[in-house]
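Protein chains in written order, with this note's numbering: chain H, 213 to 656; chain U, -3 to 322; chain A, 52 to 389. For each residue, glycine too, the CB sits at the ideal point set by N, CA and C. These figures come from a predicted structure and were not determined experimentally.
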């Protein structure tokens, strides 16, 4: 019996995924453990190693299409086996795109002799083993740039001024069909955004410059959400809805860190320790001193995490990921530096493994490189606080009645008010400031 | 209106045209003394005699060619093939002579002839006797190709075919000769090249002809029970094709299934789909599907034959699929 | 005692009874010469790239076409294979239209859609022009069927080469002609070669008329050495076919001096063989009859030749100057709007 390969859960938070690229084609022989696809999850693009062996009988999921976890993406089996039989036995449609569109009939298992969706003729497909029979074609919608849609749906979308990409397709392979466009058109006409667009469109004609020439107007562009974007949106919304944030900012003088950093970088051949590395180490030490900050609020009670794993927010193409420096409190500055560099690079390459992006107990988000003085961040659900770090800049400060120039960095601790009150946070920030302004204590 | 069998509608058409026009004659195997292998010429020999109802030996190339030669001289031959499978041995006559002479002679000659007989699979006749010939003939410029499914259409179109100045391939069905249908007593003609809607609906267009028509109608009935209303278009003439009738329906339903007796590869079904995508592309909401023979020689065994043939159930599956009701 | 027309005769003789009439001999000579000069000029145009496709020449067989014209009555029909130029010219087709057809011009015999192999000229009783070997045999039977059906008194003369003897449609036509007693004469122009294959390797018997009884056909068989004798013997058979409504099979032994078509160098036969057959060439024999028996001088004959050449050069000029068919022409005559 052929095996239906399902979209695997490759990260703990993954709920849907995209086949970024198939590494096998129909007819290929697959060994257990062989990479068969690259799957884009909410966190990264990951290689998917097959759990099964066999001949690829069918690739169901088109590249670029969002699929729900567990959706059938391919069928493996023996040469000549009918992939449809395995799919029919499994029940459900041949494809299960993640589109939330209602598809009442789809789930109902159809007759065992279900006509293969891709067969050129509504007759049972010829046995793939027959030499003259062409190999089952890959879904024509496999091109990731191409949105599968019926010609009619394309025309209707054009006429209604709707972006195909924004319309969930309920047809085979997520194909956008007439019904989907009409539903989207109806929804759009009821939504405020559409109303605004309509007003814009209506007003556009009357908008002219001083010479009476109409301003050029350009259509709105809608971009399909990536899984990462969706995850960020969902989690940030959840955080802001659930967590009452409290934000406190403290200036920290980094002159001594700067000096120590220079000395270290001179002595450590080839390794460049960053301010952020110091910050991570200091945060980790401070978290040991204030264990409640290394925790989270749950309805059952407060959790203080035993280990200190510091997440480091890294901006990547299309969003951000948070690789984790595990056991940061026990690591040397050199180790931390090597870890962050490696994690950061692989975050940008989207080659992080899921376990490297999960389990953080506290997060540091640094926008100093963009010259941001101070900002507030949103607490990651599952954590109690996040440290938003601004740029280090030379500032004039008054010390003992004298104006002196100091390297000042502003850190904002954004935290879950259900866990802490302002004074708790202030104490954590004070410890952090103390550690960084006397950095040798970090190595005590 | 009286109900008569298709075979009698065909006979009546030939009888009326032979009565009307002395130039019309019938030639073929067993058409005279035997009264026709399928009794389509029953009684004609008695009425018209050996001059006009001519038994031919088994020589399809010979009597097809004689028909063509006679037609060039102004006669109006009806050439009966006992089955269209036997027309294969006369293919060169139809392809190179009947279809080309008007063109090749710059219009000096025409070939007003009808080649008629049963087409496509009957029941358990094996691969050489179960073939559908419309793709072969509809492929050829210069020929008219007609396929009928009701007594009314058979009579009206055969009379038009006999009067037509062009060579006409007129496809009947062995399985349907005894199917009865209403035929008016007064004379009527049905124009060549005009499709007929056999059942109206707005959800899915089902395009069919000949022996496919009853299958398509049954499939449409099954679909209606599921709430899918089919527009069943009987093309009746395959060349020239009533493209506008197909397009009008597809523009309304946005989806189509072509159901026919015959192989899928390079056939009339493919031609119809090509025209739909070419001329109604922006009206399509689903790929157009074919329900037809499987791409295999027809097996004799009953169970295998049944698997190869288009059935109402397979028609229904395709209808559901294009309607996204799976 | 054999005569020159006896297929076994070794002596072509000189001036037999068939050249007695000076007037007829001169007329036949001129008709044969017209065909030969037409084809020689067509061959020249072919080598100049003015004519393409297949060009099958009739050179050596002209007497048959001219004799056919002699025996024809108005209701009769001539159906031939693809070596048709000779019949068209002999039956009266305009050589300008014939040449223009070879040139693929709008002024051609069938407006440039047919070419060399598809000559039809209904007004001059030429009913084709068939290029698929043997497939005109049943069609010609159909013409004869119509003659019988309509009682128009016509006989159909269906010409085929010895190369058409193996293929099925030939025999289906013969069968129905015999079975239905149709007024048709099948004439096998046995020019000894089916393209490059000699008769001995394509037909099981040397005497083709041995086949006739099996189809209920009367028959005749002779060598073509003059228009007169060919016309006389062919005429006798046509008369029987007409009067008795009976099919007939005639084998005419003849020779083409050119290859099968322009692209055929004819290497499969020796020079000696061709030279031997030239002794029997009806055109050559007729020339000698006119010169030696009827006293026409070489100059007179040369002047006649020049006249014919002028006519055919004019045909070439006409063809070259004629317009090509207009683009819309390709849509014409495919089906008839009823």
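Check: Do residue 366(A) and residue 150(A) have their CB atoms nearer than 8 Å?
Finding: Locating residue 366(A) in the third chain gives position 315, where the first residue counts as 1. Locating residue 150(A) in the third chain gives position 99, where the first residue counts as 1. Going by C-beta atoms, residue 366(A) is nearer than 8 Å to residue 150(A).
Check: Under a Cβ-count criterion, where at least 16 other Cβ atoms within 10 Å of its own Cβ denotes burial, should residue 71(A) be classed as buried or exposed?
Finding: The residue given as residue 71(A) occupies position 20 in the third chain. Flag for residue 71(A) reads exposed.
Checklist line | Proximal residues, the region 254 to 282 of chain U versus chain H, C-beta separation under 7 Å | finding: Cβ contacts with chain H come from 260, 277, 278, 279, 280, 281, 282.
Notebook entry, point to check: Is the region 82 to 96 of chain U in contact with the region 157 to 175 of chain U, if contact means three or more CB pairs nearer than 8 Å?
Noted result: As far as the Cβ criterion goes, the region 82 to 96 of chain U touches the region 157 to 175 of chain U, which means the pair count is three or higher.
Notebook entry, point to check: Since residue 311(A) sits in a beta bridge, which residues does DSSP pair it with?
Noted result: In the third chain, counting from the first residue as 1, residue 311(A) sits at position 260. Residue 311(A) is bridged by DSSP to nothing; it lacks a bridge partner.
Checklist line | Three-state class that DSSP yields for residue 179(A) in the structure shown | finding: Locating residue 179(A) in the third chain gives position 128, counting from the first residue. Three-state result, residue 179(A): strand.
Notebook entry, point to check: Nearest chain B C-beta to residue 299(U) closer than 8 Å, yes or no?
Noted result: This model lacks chain B altogether, as its protein chains are H, U and A.
Notebook entry, point to check: Buried or exposed: where does residue 642(H) fall if 16 or more other Cβ atoms within 10 Å of its Cβ makes it buried?
Noted result: Mapped onto the first chain, residue 642(H) falls at position 430. Exposed, by the Cβ-count rule.
Notebook entry, point to check: Is the CB of residue 447(H) under 8 Å away from at least one CB in chain U?
Noted result: The count along the first chain starts at 1 and reaches residue 447(H) at position 235. Chain U places no beta carbon closer than 8 Å to that of residue 447(H), leaving this residue out of the contacts.
Notebook entry, point to check: For the candidate residues 227(H), 214(H), 233(H), whose alpha-carbon lies nearest to that of residue 267(H)?
Noted result: The residue given as residue 267(H) occupies position 55 in the first chain. Comparing Cα-Cα distances from residue 267(H) to each of 227(H), 214(H), 233(H), the minimum goes to 214(H).
Check: Does the region 591 to 604 of chain H come close enough to the region 617 to 630 of chain H that 3 or more CB-CB pairs lie under 8 Å?
Finding: They touch, by the three-pair rule.
Checklist line | Distance between residue 186(U) and residue 156(U) (C-alpha atoms, nearest Å) | finding: Translated into the one-based positions of the second chain, residue 156(U) becomes position 160. Translated into the one-based positions of the second chain, residue 186(U) becomes position 190. Going by the C-alpha atoms only, they are around 6 Å apart.
Item checked: Proximity winner among 53(U), 103(U), 135(U), 66(U), relative to residue 87(U) (alpha-carbon distances) -> The count along the second chain starts at 1 and reaches residue 87(U) at position 91. The shortest Cα separation from residue 87(U) among 53(U), 103(U), 135(U), 66(U) belongs to 135(U).
Margin query: Between residue 3(U) and chain H, is the shortest Cβ-Cβ distance under 8 Å, so that the two count as touching?
Written below: Within the second chain, numbered from 1, the residue matching residue 3(U) stands at position 7. Not one chain H Cβ lies under 8 Å of residue 3(U).
Check: Is it true that the region 17 to 29 of chain U meets the region 46 to 62 of chain U, where meeting means three or more beta-carbon pairs spaced less than 8 Å apart?
Finding: Result yes; three or more Cβ-Cβ pairs closer than 8 Å.
Note to self: Cutting at 6 Å between CB atoms, please list the residues of its own chain near residue 363(U), excluding the five before and the five after it.
What the structure shows: Summary: the structure shown does not reach residue 363(U), with chain U confined to residues -3 through 322, and so no result is reported for it.
Next item on the list: Flag residue 194(A) as yes if its beta-carbon sits less than 8 Å from any beta-carbon of chain U, otherwise no.
Entry: Along the third chain, read from residue 1 onward, the residue named residue 194(A) stands at position 143. For residue 194(A), the nearest beta carbon of chain U is closer than 8 Å to its own beta carbon.
Check: Is any heavy atom in the ligand ZN found nearer than 7 Å to the beta carbon of residue 99(U)?
Finding: This structure lacks the ligand ZN; in fact it carries no ligand of any kind.
Check: Hey, residue 54(U) and residue 89(U): beta-carbon distance below 8 Å or not?
Finding: Counting from one through the second chain, the residue named residue 54(U) turns up at place 58. Counting from one through the second chain, the residue named residue 89(U) turns up at place 93. The Cβ-Cβ distance between residue 54(U) and residue 89(U) does not fall below 8 Å.
Margin query: In whole angstroms, give me the CA-to-CA distance for residue 319(U) and residue 46(U).
Written below: The residue labelled residue 319(U) in the question sits at position 323 within the second chain. The residue labelled residue 46(U) in the question sits at position 50 within the second chain. Approximately 56 Å between the Cα atoms of the pair.
Check: Using the rule of at least 16 other Cβ atoms within 10 Å of the residue's Cβ for burial, across every protein chain shown, is residue 43(U) buried or exposed?
Finding: Along the second chain, one-based indexing puts residue 43(U) at 47. So residue 43(U) ends up on the exposed side.
Notebook entry, point to check: Of the choices 20(U), 147(U), 78(U), whose alpha-carbon is the least far from that of residue 115(U)?
Noted result: What you label residue 115(U) is simply residue 119 of the second chain in a count that begins at 1. Shortest Cα-Cα distance from residue 115(U) to any of 20(U), 147(U), 78(U) involves 78(U).
Check: By Cβ distance below 7 Å, which residues in the same chain neighbour residue 270(H) in space, the five residues on each side in sequence not counted?
Finding: The residue you call residue 270(H) lines up with position 58 of the first chain. Answer for residue 270(H): 238, 286, 287, 295, 348, listed in chain order.
Checklist line | chain A contacts made by the region 41 to 57 of chain U, where a contact means CB separation under 9 Å | finding: Cβ contacts with chain A come from 47, 48, 50, 52, 53, 55, 56, 57.
Notebook entry, point to check: What is the residue span of the beta strand (DSSP E) that residue 279(H) lies within?
Noted result: Taking the first residue of the first chain as position 1, residue 279(H) is located at position 67. Its beta strand (DSSP E) spans residues 278 to 280.
Check: Based on Cα-Cα distance, which residue from 392(H), 538(H), 218(H) lies nearest to residue 573(H)?
Finding: The sequence position of residue 573(H) within the first chain is 361, counting from 1. Nearest of 392(H), 538(H), 218(H) to residue 573(H), Cα basis: 538(H).
Item checked: Residue of 145(U), 181(U), 307(U) minimising C-alpha distance to residue 191(U) -> For the purposes of this step, residue 191(U) is taken as residue 195 along the second chain, with counting starting at 1. Sorting 145(U), 181(U), 307(U) by C-alpha distance to the C-alpha of residue 191(U) places 145(U) at the top.
Margin query: Beta-carbon within less than 7 Å of residue 199(U)'s beta-carbon, same chain only, minus the 5 sequence neighbours each way: which residues are those?
Written below: By 1-based counting over the second chain, the position of residue 199(U) is 203. Closer than 7 Å at Cβ, skipping near neighbours: 224, 225, 226, 249, 319.
Notebook entry, point to check: Just checking my contact of residue 213(A) with residue 186(A) at CB under 8 Å: how many whole Å lie between their CB atoms?
Noted result: Along the third chain, one-based indexing puts residue 213(A) at 162. Along the third chain, one-based indexing puts residue 186(A) at 135. Incorrect: roughly 16 Å between the Cβ atoms, too far for contact.
Notebook entry, point to check: Going by other Cβ atoms of all chains shown within 10 Å of its Cβ, with 16 needed for buried, is residue 129(U) buried or exposed?
Noted result: Residue numbering aside, residue 129(U) sits at position 133 when the second chain is read from its first letter. It counts as buried.
Item checked: Per-residue DSSP class, three states only, for residue 509(H) -> Residue numbering aside, residue 509(H) sits at position 297 when the first chain is read from its first letter. Three-state DSSP puts residue 509(H) in a strand.
Item checked: Proximity of residue 325(A) and residue 118(A) at Cβ, strictly below 8 Å -> Locating residue 325(A) in the third chain gives position 274, where the first residue counts as 1. Locating residue 118(A) in the third chain gives position 67, where the first residue counts as 1. No, Cβ-Cβ distance for residue 325(A) and residue 118(A) is not below 8 Å.
Margin query: I'd like to know if the region 250 to 266 of chain A and the region 225 to 240 of chain A are in contact, where contact means that at least 3 CB-CB pairs between them fall below 8 Å.
Written below: A contact exists between the region 250 to 266 of chain A and the region 225 to 240 of chain A.
Item checked: Cβ-Cβ separation, residue 606(H) to residue 617(H) (assumed contact under 8 Å), whole Å -> Looking up residue 617(H) in the first chain gives position 405. Looking up residue 606(H) in the first chain gives position 394. Contact flag correct, Cβ pair sits at about 5 Å.
Next item on the list: List the residues of chain H whose Cβ lies closer than 7 Å to the Cβ of residue 250(U), in chain order.
Entry: Here residue 250(U) refers to the residue found at position 254 of the second chain. Neighbours of residue 250(U) on chain H, chain order: 364, 390.
Check: Where does the unbroken alpha helix (DSSP H) through residue 534(H) begin, and where does it stop?
Finding: Here residue 534(H) refers to the residue found at position 322 when the first chain is read from its first residue. Per DSSP, residue 534(H) belongs to no alpha helix (DSSP H) and is neither H nor E.
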